[in-house]
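Residue numbers (our numbering): 367 to 758.
Even for Gly, the Cβ is constructed at its ideal location relative to N, Cα and C.
Bear in mind the structure is a predicted one, so any value in this text is a computation, not a measurement.
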Amino acid sequence: MLSRRTGWNLAGNRLAARLDAARSAGRPLLDLAESNPTRAGLAWPADALGAALSDPRIAAYDPEPRGLPAAREAVAAYLAARGHAVDPGRIVLTASTSEGYALLLKLLCDPGDEVLVPAPSYPLLDLLADLESVRLVRYPLRYDGAWHLDVPALEAAVTASTRAVVVVSPSNPTGAVLGAAEREAIDRLCAARDLALVGDEVFADTALVPPAGVLGASRALAFHLSGLSKVCGLPQVKAAWIAAGGPEAPVAAALERLEVIADAYLSISGPAQLALPRLLADRERFLGPLRARLAANRAALAAAASGAPFDALPSAGGWSAVLRIGETIDEEGLCLALLDDGVAVQPGFFYDFERAGHLVVSLLAPPDAFAAGLARVRDRVARAAAGIWDPK
Ligand SMILES: Cc1ncc(COP(=O)(O)O)c(C=O)c1O
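1) Report the option in A731, R623, R651, G673 whose CA atom is closest to the CA atom of L474.
2) Sorry if obvious, but does the Cβ on K596 come closer than 7 Å to a heavy atom of ligand 1?
3) Tell me which residue opens and which closes the alpha helix (DSSP H) that A412 is part of.
4) Within 10 angstroms of the Cβ of D571, are there 16 or more other Cβ atoms? Answer buried if so, exposed if not.
5) Keeping to the same chain, check which residues put their C-beta closer than 7 Å to that of E439; ignore five residues upstream and five downstream.
6) In whole angstroms, give me the CA-to-CA distance for S686 and L679.
7) Since F719 sits in a beta bridge, which residues does DSSP pair it with?
8) Can you check the region 518-586 for any alpha helix (DSSP H) of at least 4 residues that lies completely inside it and give the ranges in chain order?
9) For ligand 1, is there a heavy atom less than 7 Å away from the beta-carbon of N538?
10) Once DSSP output is grouped into helix, strand and coil, what is the label at P422?
11) Leaving aside the five residues before and after E697 along the sequence, list all residues of the same chain whose C-beta is less than 8 Å from its C-beta, in chain order.
12) Among residues of its own chain, excluding the 5 on either side of A682, which ones have a beta-carbon nearer than 7 Å to its beta-carbon?
13) If we ignore side chains and look at the alpha-carbon of each, how far apart do A321 and D648 end up?
14) Quick one: complete alpha helix (DSSP H) runs, 4+ long, within the region 415-482?
15) Return the first residue and the last residue of the beta strand (DSSP E) that R501 is part of.
16) With three or more C-beta pairs closer than 8 Å as the rule, is the region 413-420 touching the region 617-636?
17) How about the region 582-594 and the region 558-572: do they share at least three Cβ pairs that are nearer than 8 Å?
18) Given this structure, state the Cα-to-Cα distance separating A658 from G708, to the nearest angstrom.
19) Residues in its own chain within less than 8 Å of K472 by CB, not counting five upstream and five downstream?
20) In terms of residue numbering, what span does the alpha helix (DSSP H) encompassing V747 cover?
21) Exposed or buried, W410, counting other C-beta atoms within 10 Å across all chains shown (16 or more means buried)?
22) Between the Cα of A437 and the Cα atoms of L700, A641, A519, which residue gives the shortest distance?
23) Restricting to runs no shorter than 4 residues, where is the alpha helix (DSSP H) found entirely within the region 649-727?
24) Could you tell me which residues DSSP puts in a beta bridge with L396?
25) Under 8 Å, Cβ to Cβ, is there at least one residue of chain D near R508?
26) Taking only the alpha-carbon atoms, compute the straight-line gap between R389 and L729 and give it to the nearest angstrom.
27) Can you name, in chain order, every residue of its own chain whose Cβ lies under 8 Å from the Cβ of L494, other than the five neighbours on each side?
28) Have a look at G673, P637, V533, P643 and flag the residue whose alpha-carbon is nearest the alpha-carbon of R423.
29) With a threshold of 7 Å on Cβ separation, who are the neighbours of A512 within its own chain once the five nearest residues in sequence on each side are excluded?
30) According to the Cβ coordinates, are R585 and A557 closer than 8 Å?
31) Hey, would you say L395 sits closer than 8 Å to A710, going by beta carbons?
32) G760: beta carbon under 7 Å from a heavy atom of ligand 1?
Here you go:
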């Protein structure tokens, strides 16, 4: 009676169950898995948020499939500040970046079609693809002291069923940032093979090196995705956008259909659209403290990694960091042991690393908790590497 595409195995994993148990028992936890900025001491003051959401026009309903013009102009201004001149007519508003993916998959793919996504990358993409009956095919990011796109491997992954290539820059969890030469290579490939280029650029404002955005691609039909969830630290507002780039004719054809898809849902709320210009203009209220937090935690990680039984892999942006602990240590066992030690981290297998032996930590945690958590990780990894698993 229920669809095959929703036939997931819903038995929760052991790690999630143990984390829930620790949280509901009220056990103190150094949470290095927290990715919600509103729970990490980076929330907006309620009065500032309330003021932005209290526009008197919220009483009226003015449905606009692509989104209210003033809100799209505000997104265009944000993109211009990032170095991309985009006509507001090429922008479509959505409730979230995840929904932006869903709209693009509907636009680009029929059931069974393939979309190329990076590995490692974050797990939500699988779910979003399942929901559209689309098949994800991985292309590798390679690590050799820095993360690189493997262009020949990407090219080899293209089949007759491929419709799009997704890049996540900065990447979650590796922090890899797409360089200009890499963007050029993907742009050429997409144009030559008639594929769309989708750039998930939600973490662009945290890049430590200038990221090459997909809107700078000139040949392929390209879509930039982002939203207030990561640009302003406001996942609860539910406001995001798709911006189209590339040659005029395919962009116009795509936008015409995207508008029909968006019109079927009209999902971003009126109040969120009215608030968007003010919130986006005020984004440094979040981004300033966020960058300071990320910098402090990156420095703490570098210090903790010196002489430690793990490597902290260099990253060029984003909200997370990867620790390489070595393939001989069981990731899940280590994460469970760490929960017993009062520290939450994520195992690499959540993110599809090519090889085992990684932990992922969020850089959002308050610096004291982050440093204390890392000290316990260091201790626990050293014990696990020595084959000692019993609680201390
Ligand atoms: C790389 C990346 N893209 C998109 C999203 C989803 O963003 P949104 O809250 O706008 O759906 C996430 C959430 O963590 C993410 O890490």
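Short version:
1) For the residues A731, R623, R651, G673, the minimum Cα distance to L474 belongs to R623.
2) Relative to the non-hydrogen atoms of ligand 1, the Cβ of K596 comes within a distance shorter than 7 Å of at least one.
3) Unbroken alpha helix (DSSP H) run through A412: 412-418.
4) The residue in question, D571, is buried, as its Cβ has 16 or more Cβ neighbours within 10 Å.
5) Closer than 7 Å at Cβ, skipping near neighbours: P454.
6) If you take the alpha carbons of S686 and L679, they lie about 11 Å apart.
7) DSSP output for F719 lists no bridge partner at all.
8) Listed in chain order, the complete alpha helix (DSSP H) runs (minimum 4 residues) inside the region 518-586 are 546-559.
9) Yes - ligand 1 has a heavy atom lying nearer than 7 Å to the Cβ of N538.
10) It is helical.
11) Close CB contacts of E697 within its chain, under the 8 Å cut and outside five residues either way in sequence, are with I691, P713, G714, F715, A722, G723, H724, L725 (chain order).
12) The residues are P536, G541, A542, V543, A573, L574, V575.
13) Lying outside 367 to 758, the shown extent of the chain, residue 321 is not represented and no answer is given.
14) Fully enclosed alpha helix (DSSP H) runs of 4 or longer: 435-447, 463-474.
15) Per DSSP, R501 belongs to the beta strand (DSSP E) from 501-509.
16) As far as the Cβ criterion goes, the region 617-636 does not touch the region 413-420, which means the pair count is below three.
17) Yes, the region 582-594 touches the region 558-572.
18) Near 25 Å, if we compare the C-alpha coordinates of G708 and A658.
19) Contacts found: E498, I627.
20) In this chain, the alpha helix (DSSP H) harbouring V747 covers 733-751.
21) W410 comes out buried.
22) The shortest Cα separation from A437 among L700, A641, A519 belongs to A641.
23) Unbroken alpha helix (DSSP H) runs of no fewer than 4 residues, entirely contained in the region 649-727, are found at 650-671, 697-706, following chain order.
24) In DSSP, L396 forms a bridge with V709.
25) Considering every chain present, this structure includes no chain D. It has just one protein chain.
26) When the Cα atoms are used, R389 and L729 turn out to be separated by approximately 20 Å.
27) Cβ neighbours of L494 beyond the five flanking positions: S464, Y467, A468, L471.
28) Of G673, P637, V533, P643, the residue nearest in Cα terms is P637.
29) Around A512: P680.
30) Yes, the pair counts as a contact, with Cβ atoms nearer than the cut-off.
31) Taking the C-beta atoms as reference points, A710 is found nearer than 8 Å to L395.
32) The question about residue 760 has no answer here: the residues shown for the chain are numbered 367 through 758.
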